[in-house]
Amino acid sequence: MKFTLMQSDLQKALHLVVSVVPTKSTLPILETVLLDAQPKGGLTLTATDLDISVRAQHGADVKEGGRVAVSARRFFDVVRELPEQEVALEGDESGLTLSCGSGRYRFVGATVEDFPSLPEIAAEREVGLDPRKLERLIRRTLYAVSTDETRPELTGVFLEVREQELRMVATNGHRLARAGLQGNFNSKREMLLPPKALNQLLRLMSDFEGEVDVSGTKNYARFVLGETQLYSRMLEGPFPDYDRVIPKSNPLQAIIRRNDLIASLRRILVLSDSQTRQVRMVLDDKQLRVLAEYQGAGEASEEIPVEYEGEKLTIGYNGGYLLEMLKTFDGERVEMRFQSEVSAGTFQPADEEPEESLLCLIMPLRLPEAG
Amino acid sequence: MPETEAQKIQRLPHEVVGRIAAGEMITRPTAALKELLENALDAEATRIRIDVREALDRHLEIQDDGRGIPRAELALALERYATSKISREEDLLRVSTLGFRGEALASIAEISHLTLISRCRGSEDAWQLRASGGQTGALEAAARAPGTTVRVEELFFNTPVRKRFLKSPAAELRLARATVTAFAVAAPGIAWAFFQDGKPLFEWAAAPDLRARLIEIHGARLVEGLLPVEAREGGVAVRGFVGVPELARAGRYHQTLFVNGRAVASPYLAQALRQGFGDLIPGHQNPWAVLFVTVPPDRLDVNLHPTKQEVRFLDERMVFGCVQRAVHQAVAKLLPRLFLGTERSPATGSSAPAPPRQSSAGAPARPARWGAIDGREATAAFYGTAAGSGEGILGESPKRAAPEDAEAFQEAMGLQGPLTDTAGAGGGSPPDLVSLWQLHNRYVLAQTRKGLLIIDQHAAHERILYEQILARMQREPAGGQQLLFPVVQELTEPESRLFGEIKGSLLRMGFDVEEFGEESVVVRGVPPLWRARSEASLLRDLLAEAEETGLREGETLEGLARAFACRAAIKSGTPLSMEEMNRLVDELFRTAMPHGDPHGRPTFVFVSLLELNRRFGRGGSE
Ligand SMILES: Nc1ncnc2c1ncn2[C@@H]1O[C@H](COP(=O)(O)OP(=O)(O)O)[C@@H](O)[C@H]1O
Ligand SMILES: [Mg+2]
Chain A
1 MKFTLMQSDL
11 QKALHLVVSV
21 VPTKSTLPIL
31 ETVLLDAQPK
41 GGLTLTATDL
51 DISVRAQHGA
61 DVKEGGRVAV
71 SARRFFDVVR
81 ELPEQEVALE
91 GDESGLTLSC
101 GSGRYRFVGA
111 TVEDFPSLPE
121 IAAEREVGLD
131 PRKLERLIRR
141 TLYAVSTDET
151 RPELTGVFLE
161 VREQELRMVA
171 TNGHRLARAG
181 LQGNFNSKRE
191 MLLPPKALNQ
201 LLRLMSDFEG
211 EVDVSGTKNY
221 ARFVLGETQL
231 YSRMLEGPFP
241 DYDRVIPKSN
251 PLQAIIRRND
261 LIASLRRILV
271 LSDSQTRQVR
281 MVLDDKQLRV
291 LAEYQGAGEA
301 SEEIPVEYEG
311 EKLTIGYNGG
321 YLLEMLKTFD
331 GERVEMRFQS
341 EVSAGTFQPA
351 DEEPEESLLC
361 LIMPLRLPEA
371 G
Chain B
1001 MPETEAQKIQ
1011 RLPHEVVGRI
1021 AAGEMITRPT
1031 AALKELLENA
1041 LDAEATRIRI
1051 DVREALDRHL
1061 EIQDDGRGIP
1071 RAELALALER
1081 YATSKISREE
1091 DLLRVSTLGF
1101 RGEALASIAE
1111 ISHLTLISRC
1121 RGSEDAWQLR
1131 ASGGQTGALE
1141 AAARAPGTTV
1151 RVEELFFNTP
1161 VRKRFLKSPA
1171 AELRLARATV
1181 TAFAVAAPGI
1191 AWAFFQDGKP
1201 LFEWAAAPDL
1211 RARLIEIHGA
1221 RLVEGLLPVE
1231 AREGGVAVRG
1241 FVGVPELARA
1251 GRYHQTLFVN
1261 GRAVASPYLA
1271 QALRQGFGDL
1281 IPGHQNPWAV
1291 LFVTVPPDRL
1301 DVNLHPTKQE
1311 VRFLDERMVF
1321 GCVQRAVHQA
1331 VAKLLPRLFL
1341 GTERSPATGS
1351 SAPAPPRQSS
1361 AGAPARPARW
1371 GAIDGREATA
1381 AFYGTAAGSG
1391 EGILGESPKR
1401 AAPEDAEAFQ
1411 EAMGLQGPLT
1421 DTAGAGGGSP
1431 PDLVSLWQLH
1441 NRYVLAQTRK
1451 GLLIIDQHAA
1461 HERILYEQIL
1471 ARMQREPAGG
1481 QQLLFPVVQE
1491 LTEPESRLFG
1501 EIKGSLLRMG
1511 FDVEEFGEES
1521 VVVRGVPPLW
1531 RARSEASLLR
1541 DLLAEAEETG
1551 LREGETLEGL
1561 ARAFACRAAI
1571 KSGTPLSMEE
1581 MNRLVDELFR
1591 TAMPHGDPHG
1601 RPTFVFVSLL
1611 ELNRRFGRGG
1621 SE
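These protein sequence lines map, in sequence, to chains A and B.
With the working numbering applied, the first sequence corresponds to residues 1 to 371, in that order.
With the working numbering applied, the second sequence corresponds to residues 1001 to 1622, in that order.
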């Protein structure tokens, strides 16, 4: 193989793929990046940790096609130190030589056939998404996943495409976040995505302007960002039937200023039990009282104005859950709805963009009798 | 201090005699030995010599340099219920001497050939009296230095049944040695010698303090591993030493417990001692200990059993708690030495601190010289004479000492002070551990100012959950985290039976659970504990574990909490985020016993820089 391109282009393409490379792997081939040069297709770089793979293309002046796999770390570390000028690459099975100015850098090659192949996914696009909106969907759900390895289906984010709506849902069994986006998707698909893949996706999207295409097979998901593709193995499902647990009508509605509640919680949580992080919320006429106590440390309470006219309600929550959730909300006001001190409270931003929706559920911490 | 001037020996009035716990007190030769040693101590001897010829029951002789018995009282000493130690009925309620019934010499004289030789301090001549099978002979002139000799020959010669059931001479001698050893521990200021057929079994010079005495007996190496205990709560004082957990053994042979100076067999105290060690000692073993418990004499009943080996505390629970906390403090305080590898405590620098040298009355113990030390005072220095500690309500709560222990401990490892108050704050500041690293998804490594802390993540989390869940069960019913997706779990028959039995405890833990049909339960809520895993199957796992370990009979909350912690704790092999590692370390050092998991295995190992330097051959320098 033999090709040339600008150092900055090579660096950019490498930058997209190298973060997938595991720092230490029992399979040495995974520590390499695969370079594939084709006279017509330009240069394609691939890196994988078996669960997640990233492939990036870039135009190059290819005189002779071929493939080579070299240490991703070393190759990238050399390339990014080179001056911004044309670099020439020449290689075969045994390795790759990079020439730039007076410099010659030779990288020993690994067996190309050992490099894992990527899943076959039909080329056609299924769903196209605005990356800014996709980012928001992820940011609003990813935090809510479970870390309990005994329930793998809860450790991922569920992505569901319906005719007119795309949803992402995550839950750890105590709280749930469901973010939606209206649109004419004319497709049906369900995928259970590991957080690692979504973090990669967020990274790849951070300076990407076009549209993100989402497609998949039974076991793999694919995100196409222009010349870059992200493949992810999906988690074992099934994801629980979340619709069933979303209360249809929580009668007690309260509206509160988001920043008021966030600021209060930040202070109150300091004096909440470090294990349970329990806070007690007392909703009464036009005011919400937030209280916490931590045995041996102290206690705290605050009153926040709220739009509420229902009966008095006392309900306990893990204050950490409330805070984490509120940080993902936009807009000034939050709508909270309750039914009783043992059933799910629902939370949503009161002022949403028209085609977007967000609904969060938090199950209460049951308060000791006196409540 | 009790009046040390000798009272006259008097016959006890009738009503007092009637209230004395009656019964056979000389059940075996060592019982006679014990009574005679008590007499020597009560007479303020400073050296005591024991001679055995052939066997204890053949020939036993005790010589002391105590105050002696006046010629006029010698005969009375051999009479039953004649004593110089108490005179009125009220005195029975605050006995401050070891003997008080005036029975021992008489009992022994009845079943042996006994020779009593005595010369009073300050008197020129010695007198002797012989008795045989209870018949007292005539007073004869004798010669000896001030003090008393009691020779007992052919014990049990006229009680053939008793004689037939004696243990072998060797077994009896073993017991005698243990008995004398216990006395020597209780009275380090006294010189002890034990001879058999003229050959010394041991000779211990007067020692300046308990620690020195323990070194004489057990050698310096063992004593290095002891943790000093010292605490006072109300009128109760506890002092002495406990051994590191490695010294624990099955049985109680390695435990010596004293109450107001009297060696006692008290399963109750032994239990308090055990609990002071928390879970550091495996179930079938008992800690090594020499403990002196002192309570006001009027709060103690020693008049329970003829051998006086059993005692009853009027404030039982308080004494129990005091002993337990005192031991706990000792164990927690010397953690660095215990668990942090081979270093000596970096905190204290040198070897274990010497035990207190002040008597409760504030008189410093004098250095030891043969015969120059006042036995009573030296003894008082260790078990605080009854009267001395009786008055003072020196109510220093040991609870208040706990934070200091934690500090001393963290200081020893070079953990920073504020470590403990960072967690819990929403998005709070990071703890002060310099850096954390997870090794093989199993150990968390933390740099501390003085070295390296290696924490076993599973064991650490187990300790955290254990204490949390136990606290929840012991308090009022606490709430649980309600679940979005309630879980139905099928139980086996024994599991569902167990479920019925421990349902109350489960609810207090925070489970929200109900029977669901015949052999299932539905779990709607779980204890809201940080990072508890496998919550869907937690209840079943817990029941299975409890079933397996036969909790049913034990019924202890501890057992249940252990089972819970074991199932819910983060497993080895689970990757942790930086935040999670921080939180784990933080919560661990917030627990009462951060050093061990509920099964008694260590939660962390500390490698000091000194140790590392040594390994790299860098000597003591940087
Ligand atoms: N070794 C001794 N030195 C001085 N006095 C002694 C000694 N042994 C016994 N006595 C005196 O004899 C009395 C009777 O002793 P004993 O029968 O053991 O009864 P108790 O010790 O209960 O008083 C004691 O009260 C004490 O006055
Ligand atoms: Mg006596």
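Each residue gets a CB set at the ideal place from its N, CA and C atoms; glycine is no exception.
According to the Cβ coordinates, are residue i and residue j closer than 9 Å?
{"i": "B:F1241", "j": "B:L1273", "result": "no"}
{"i": "A:G226", "j": "A:G210", "result": "yes"}
{"i": "B:N1286", "j": "B:V1095", "result": "no"}
{"i": "B:A1109", "j": "B:L1078", "result": "yes"}
{"i": "A:D330", "j": "A:P349", "result": "yes"}
{"i": "B:L1453", "j": "B:V1331", "result": "no"}
{"i": "A:V68", "j": "A:D92", "result": "yes"}
{"i": "B:L1576", "j": "B:E1535", "result": "no"}
First and last residue of the alpha helix (DSSP H) that includes residue i?
{"i": "B:C1120", "result": "That residue, B:C1120, is in no alpha helix (DSSP H); it is neither H nor E in DSSP."}
{"i": "B:S1537", "result": "E1535 to E1548"}
{"i": "B:S1107", "result": "A1104 to E1110"}
{"i": "B:E1613", "result": "Checking the displayed sequence, the identity of residue 1613 of chain B turns out to be Asn instead of Glu. Unbroken alpha helix (DSSP H) run through B:N1613: L1609 to R1615."}
{"i": "A:M234", "result": "No alpha helix (DSSP H) contains A:M234, which DSSP labels as neither H nor E."}
{"i": "B:P1169", "result": "P1169 to A1186"}
{"i": "B:L1588", "result": "M1578 to L1588"}
Closer than 8 Å by beta-carbon distance: list the chain A residues that pair up with residue i, in chain order.
{"i": "B:E1216", "result": "None at all; the shortest Cβ gap to chain A is about 45 Å."}
So residue i contacts chain B; which residues on that side make the cut at Cβ distance below 7 Å?
{"i": "A:R366", "result": "G1479, G1480, Q1482, D1512 and G1525"}
{"i": "A:M363", "result": "Q1481, Q1482, L1483 and L1484"}
{"i": "A:G298", "result": "None at all; the shortest Cβ gap to chain B is about 11 Å."}
Would DSSP call residue i helix, strand or coil?
{"i": "A:I362", "result": "strand"}
{"i": "B:Y1443", "result": "strand"}
{"i": "A:E268", "result": "Note that residue 268 of chain A is Ile in the sequence shown here, rather than Glu. Residue state, collapsed to three classes: helix."}
{"i": "A:L50", "result": "coil"}
{"i": "B:M1593", "result": "coil"}
{"i": "A:V20", "result": "coil"}
{"i": "B:E1493", "result": "helix"}
{"i": "B:R1028", "result": "coil"}
{"i": "B:K1008", "result": "coil"}
{"i": "A:A144", "result": "helix"}
{"i": "B:L1076", "result": "helix"}
{"i": "A:R244", "result": "helix"}
{"i": "A:H58", "result": "strand"}
So with CB distances below 9 Å, who are the chain A contacts of residue i?
{"i": "B:E1558", "result": "None at all; the shortest Cβ gap to chain A is about 19 Å."}
Taking the beta strand (DSSP E) that residue i belongs to, which residues open and close that run?
{"i": "B:R1130", "result": "A1126 to S1132"}
{"i": "A:M6", "result": "K2 to M6"}
{"i": "A:S215", "result": "V212 to G216"}
{"i": "A:E86", "result": "E86 to D92"}
{"i": "A:P305", "result": "G298 to P305"}
{"i": "A:K63", "result": "D61 to E64"}
{"i": "A:P349", "result": "G345 to P349"}
{"i": "B:G953", "result": "In the structure as shown, chain B begins at 1001 and stops at 1622. Residue 953 of chain B is therefore absent and cannot be evaluated."}
Mind checking whether the beta-carbon of residue i lies closer than 8 Å to any heavy atom of ligand 3?
{"i": "B:N1303", "result": "Summarising the ligand content, the structure contains ligand 1 and ligand 2 and does not contain ligand 3."}
If the cut is a Cβ gap below 9 Å, which residues of chain B does residue i touch?
{"i": "A:N318", "result": "Q1481 and P1528"}
{"i": "A:S264", "result": "In chain order: nothing, as chain B lies at least about 11 Å away."}
{"i": "A:A344", "result": "Q1482 and L1484"}
- Query: Using a Cβ cut-off of 8 Å, which residues of the segment 1078 to 1109 of chain B contact any Cβ in chain A, in chain order?
  - Reply: Under the 8 Å Cβ criterion, the segment 1078 to 1109 of chain B contributes no residue.
- When you check each C-beta in the segment 189 to 216 of chain A against every C-beta of chain B, which residues fall closer than 7 Å? Within the segment 189 to 216 of chain A, not one residue has a Cβ closer than 7 Å to any Cβ of chain B.
- Cβ-based contacts, 7 Å cut-off: residues of the segment 159 to 182 of chain A near chain B: So the list reads T171, G173, H174 and L176, given in the order they occur along the chain.
- Message: Under 8 Å, CB to CB, which of the residues in the segment 1532 to 1544 of chain B have a partner in chain A?
- Response: The residues in question are R1533, S1534, E1535, A1536 and S1537.
- Would you list, in chain order, the members of the segment 1579 to 1593 of chain B that have their beta-carbon closer than 9 Å to a beta-carbon of chain A? Flagged, chain order: E1580, R1583, D1586, E1587 and R1590.
- Message: Residues of the segment 130 to 151 of chain A in Cβ contact with chain B at a cutoff of 8 Å, in chain order, please.
- Response: Using a CB distance below 8 Å, the part of the segment 130 to 151 of chain A facing chain B consists of T147, D148, E149, T150 and R151, ordered along the chain.
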